[in-house]
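Read the structure below first, then the notes.
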Amino acid sequence: MKHYLAITARGLEHMLAQELEQLGVSSLKQVHAGVKFKADDSTLYQCCLWSRIASRFVLVLGEFAVRDDMDLYLGATAINWPDYFHASQRIAVDFNGTNREIRNSQYGALKVKDAIVDKFEKSNLPRPSVDREQPDLRIHMRLSKDQGLLGIDMVGSGLHQRGYRTQAGAAPLRETHAAALVLRSGWKPDQPLMDIMCGSGTLLIEAAMMAAKIAPGLKRKRWGFESLLGFDDEAFKALKAEASVKAKRGVSQCQTRFYGTDNDARIIETARANARRAGVGELVDFETGDATQVTPPEGFSGGHILSNPPYGERLGTTPGLIALYTQLGDHLKEAFAGNTVSLYSGSEELLSCLRMRADDKFNLRNGALDCVMKTYAITARGEKSESEAAKADVAPDFANRLRKNMTKLDKWAKKQGLECYRLYDADLPDYKAAIDRYRDFLVIQEYAAPKTIEPEKARRRLLDMVRAAIAVTGVDANKVVLKTREKQKGNNQYQKLAGASRTMTVDEYGVALEVNLYDYLDTGLFLDHRYTRRLIGEKAQGKDFLNLFAYTGSASVHAAAGGARSTTTVDMSKTYIAWAERNMALNGIVGRQHRFEQADCLQWIRQSNQQFDLIFIDPPTFSNSKRMQSTFDVQRDHLDVLLALKDRLRPDGEIIFSNNKRHFKMDSEGLAAAGLRAENISKRSIPEDFARNPHIHNCWIIRHQAVSA
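The sequence shown begins at 1 in the UniProt record's numbering and counts up one residue at a time.
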């Protein structure tokens with residue numbers, strides 16, 4: 001009897017132990033991500049052929065303490081490798097794990113390889129050659145803290161490589177992983193099984209192979225143990241022949257039907273081809289279809305649905321997924337009542353959108369992602385439509401407030417001629433988010449929850465907000481953009497969120513402006529400054545206009561559209577200066593009288609000798625950008641900046657100064673001493689959709705004292 005380690009994914013140790021017992025193994029011991037056992041050669045061959053959830057089997061040759069590389073080398077040389085394979089065999093060393101002394105797996109693999117070839121040389125035998133791509137044998141070394149396990153991989157490439165899947169759809173499940181989900185779902189081999197988002201068909205194919213008693217390793221071309229000295233070829237051939245007979249008989253006798261649907265016709269063709277290669281093509285019916293519309297096949301009563309719906313890793317994908325899971329739950333209750341469904345997802349919050357109570361829960365990581373499979377007995381839903389149910393049951397207080405805001409603001413915006421405006425701004429303490437409409441899009445910006453709120457609770461509230469917002473506004477879920485907004489420092493509001501630019505054009509008082517709803521935390525247009533921009537347009541006729549900290553230049557566009565003689569747009573960001581130029585071009589405004597300067601605004605003010613009739617400056621509250629010579633604090637530094645601007649302002653000119661520091665205090669005495677006076681216009685600069693937040697920004701008009709109002 002030899003010692004073996006069967007390796008599997010974490011969380012599947014108990015299932016693997018049960019499977020090995022059924023295959024005739026005794027003396028089992030569950031370990032982290034595996035099962036240790038003893039077996040003779042024939043039993044080991046049987047396990048390799050028939051295990052559905054083991055990823056590989058390792059012949060354990062040594063277990064020893066590994067405190068440093070010398071321990072590793074000595075432990076490996078203590079094994080008499082020529083007893084196990086011939087020097088002509090090509091080898092590769094797989095090294096898994098590190099510790100305080102051995103921090104690099106490649107280095108660890110190199111030390112094991114050196115020990116093996118040195119052992120052959122000391123036995124006066126040729127050195128085995130190393131072939132990492134196509135070795136005859138793979139040496140397996142596992143290091144956990146200071147304990148090492150060394151042996152020979154009896155399989156070669158992973159057991160998930162069944163040989164039937166040559167290509168897969170996006171984010172495919174490994175075959176071993178899929179088999180574990182099938183076994184754990186509660187499905188019985190005589191039950192019809194359906195996957196309504198089947199992708200390349202792996203879940204269905206694994207289940208069909210179980211029902212038809214097809215050994216998962218039957219199609220494998222070669223095995224690691226075939227290269228070992230003492231390999232019992234006759235015993236293995238007999239086991240394969242027996243498995244082949246079982247497979248042929250099993251397919252012909254199998255009465256269970258399997259059904260797969262996916263909305264991608266190309267991937268359905270891939271699934272059909274995979275099923276044919278697996279030998280179960282005649283057992284599985286694949287069709288193109290939408291998961292939220294598919295109906296039960298004939299005779300499916302009492303059947304089981306098993307699916308791995310998309311769950312997304314990026315927050316921006318969430319609104320569409322919320323709608324998908326919500327519609328899916330509603331459809332399952334309407335069309336599949338009386339059946340059972342098991343769904344495997346990386347998001348329990350998304351699963352909660354099904355509005356179904358789970359009877360069973362199984363946690364199983366998918367690679368690095370924490371995932372869960374929940375199983376539900378499907379009961380019929382009530383008579384309410386989904387939109388009615390969402391409005392009534394999901395965040396009702398929030399939904400009612402949003403509906404009330406829409407009634408008021410949609411009419412106001414239409415009358416104003418606006419295509420983008422705020423619908424909701426943390427009106428209720430439990431639902432902290434801002435919701436803005438951009439034409440037929442919604443942008444939902446979640447404010448970071450207080451540390452006193454558990455992250456799971458905050459996440460669930462956010463999903464409820466998104467669901468209710470979709471239901472109340474009627475906006476297509478794929479046109480809902482979700483972002484998380486935290487307290488910003490410096491220029492962090494310009495943070496890039498995505499790699500591809502996705503823009504659209506909106507109208508504001510007859511001016512066309514480009515916005516990007518996806519790729520940055522902010523969209524390129526500060527909606528609360530709408531009235532300020534309109535004021536600039538009204539004042540700009542025949543004037544030379546300066547826009548500092550210009551962002552995307554929207555104020556410059558309003559000034560130019562209002563008849564400004566010239567505009568000068570200054571910002572430190574090359575990205576936003578280019579954006580400002582595009583905004584001008586959108587409105588047909590071109591010419592040398594419209595200048596764009598990429599520069600540190602504070603330096604530019606002091607270096608310029610130009611004068612202007614109208615200046616707009618909207619600096620950040622605080623900035624420590626590396627491109628600035630020093631830090632900037634609007635409360636501390638505003639007087640110095642305004643005094644410097646005095647030299648740029650013509651005698652009858654005006655400075656419109658704005659910032660969003662909540663408790664900002666204007667240094668009126670300092671201004672007066674310099675011959676300037678400031679008029680606070682904050683109240684009339686805040687538009688209707690920001691009325692409940694009177695501190696969203698401060699706004700002042702600053703003039704020379706000699707000039708009357």
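By construction, the Cβ of each residue, glycine as well, lies at the ideal position given by its N, Cα and C atoms. All of these numbers come straight from a predicted model, not from anything done at the bench.
- A distance below 8 Å separates the beta carbons of E597 and T569.
- Ranked by Cα distance from K213, the options L193, L239 and R249 are led by R249.
- The criterion of a C-beta distance shorter than 8 Å is satisfied by V475 and L442.
- In this structure G320 is buried. Its beta-carbon is surrounded by 16 or more other beta-carbon atoms within 10 angstroms.
- Taking all protein chains in view, the Cβ of E508 is crowded by 16 or more other Cβ atoms within 10 Å, so the residue is classified as buried.
- The beta carbon of Q445 sits closer than 7 Å to those of A433, A434, K483 and R485, all from its chain and outside the five residues before and after it, given in chain order.
- Taking the C-beta atoms as reference points, D262 is found nearer than 8 Å to M197.
- The Cβ atoms of C48 and F37 lie no closer than 8 Å to each other.
- Judged by DSSP in its simplified three-state form, H32 adopts coil rather than helix or strand.
- The way I'd put it, the stretch 263 to 279 does touch the stretch 185 to 204; three or more beta-carbon pairs between them come closer than 8 Å.
- V25 and A207 have their C-alpha atoms some 23 Å from each other.
- Comparing alpha-carbon positions, the option among Q46, I79 and R52 lying closest to G62 turns out to be I79.
- Taking C-beta separations shorter than 6 Å and ignoring five residues to either side along the sequence, the partners of K219 in its chain run G163, following chain order.
- With contacts defined as CB atoms closer than 8 Å, A560 and I589 qualify as a contacting pair.
- CA-CA distance, L463 to I322, rounds to 7 Å.
- Straight-line measurement puts the Cα of R67 at about 14 Å from the Cα of N104.
- Taking a cut-off of 8 Å on C-beta distances, the stretch 614 to 624 touches the stretch 535 to 549, as three or more cross pairs fall below it.
- When DSSP states are grouped into helix, strand and coil, T261 belongs to the strand group.
- In this structure the stretch 404 to 414 does not lie against the stretch 366 to 379, because fewer than three pairs of beta carbons, one per stretch, are closer than 8 Å.
- Of the residues W700, Y325 and S685, the one whose Cα lies closest to the Cα of D528 is S685.
- Here E446 is bridged, per DSSP, to A433 and T484.
- By the C-beta criterion, the stretch 642 to 649 is judged to be in contact with the stretch 668 to 675, since at least 3 inter-stretch pairs fall below 8 Å.
- Taking the CA atoms as reference points, G217 sits about 28 Å from G97.
- Residue environment: W412 is assigned as exposed (fewer than 16 neighbouring CB atoms within 10 Å of its CB, all protein chains considered).
- The straight-line gap separating the alpha-carbon atoms of P620 and D689 is approximately 22 Å.
- In the three-state reduction of the DSSP assignment, S658 falls in the strand class, which pools E and B.
- In this chain, the alpha helix (DSSP H) harbouring H331 covers T318 to A335.
- In this structure, A92 lies away from V117, with their beta-carbon atoms at least 8 Å apart.
- By the CB criterion at 8 Å, G260 and D195 fall inside the cutoff.
- The Cβ neighbour count for R530, taken over all protein chains shown within 10 Å, is at least 16; the residue is labelled buried.
- In the structure shown, M197 adopts coil according to DSSP, grouped into three states.
- Taken in chain order, the complete alpha helix (DSSP H) segments of 4 or more residues contained in the stretch 451 to 480 are 455 to 473.
- Looking at the backbone, the Cα of Q106 and that of W223 are separated by about 24 Å.
- The C-beta distance from I53 to L16 rounds to 6 Å, short enough to meet the 8 Å contact threshold.
- Excluding residues up to 5 positions away in sequence, L548, V641, A644, L645 and R648 lie with their Cβ nearer than 8 Å to the Cβ of I605 in the same chain.
- Under the 10 Å beta carbon count, P694 is surrounded by fewer than 16 other beta carbons and is classified as exposed.
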